[in-house]
Amino acid sequence: MRQAHSFYGLDHVQLAAPRGCEPQARQFFGDILGMEEIAKPEDLRTRGGVWFRCGLQQIHIGVEENFSSAKKAHPAIHVKRLSVLKESLAEHQIPVQDDELLPGADRFYVADPFGNRLEFLEWRL
């Protein structure tokens, strides 16, 4: 009998972006959101894009030819002190779309510089 496999988490989420996206990605994900940039493996650097640490997971910004932003599909990112993040985004004139439809959570959506949808949420205890 074969032993069952088990899932234990996500390693990373990849978001697509156009060629030449790296400076804008570094500014938004690194400078504004405060995510730490992590080095891509040498063999993958020629593909372009940039990677960031997001808690125990990673967000990979990958170059896609004929890029089209994700307006519906999105990662949902846990945040401690969501209101502080919201204030920081406002200071950078980044529009926030509030959403109160998830019971027990505070959350909002933003678009990254490439138009991809991102959700930030904090569960109320």
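In our numbering, the protein residues as written are -4 to 120.
Note that CB positions come from ideal geometry on N, CA and C, so glycine has one too.
Predicted model only: the values in this text are computed from it and were never measured.
- Pairing residue 81 with residue 65, the inter-Cα distance amounts to about 21 angstroms.
- No Cβ-Cβ contact shorter than 7 angstroms links residue 45 with residue 27.
- A Cβ-Cβ distance of about 7 angstroms is found for the pair residue 16 and residue 58, placing them in contact under the 8 angstroms criterion.
- C-alpha of residue 5 to C-alpha of residue 52: approximately 7 angstroms in a straight line.
- 7 angstroms or more divides the Cβ of residue 77 from the Cβ of residue 94.
- The alpha carbon of residue 20 has as its nearest neighbour, out of 119, 3, 111, the alpha carbon of 111.
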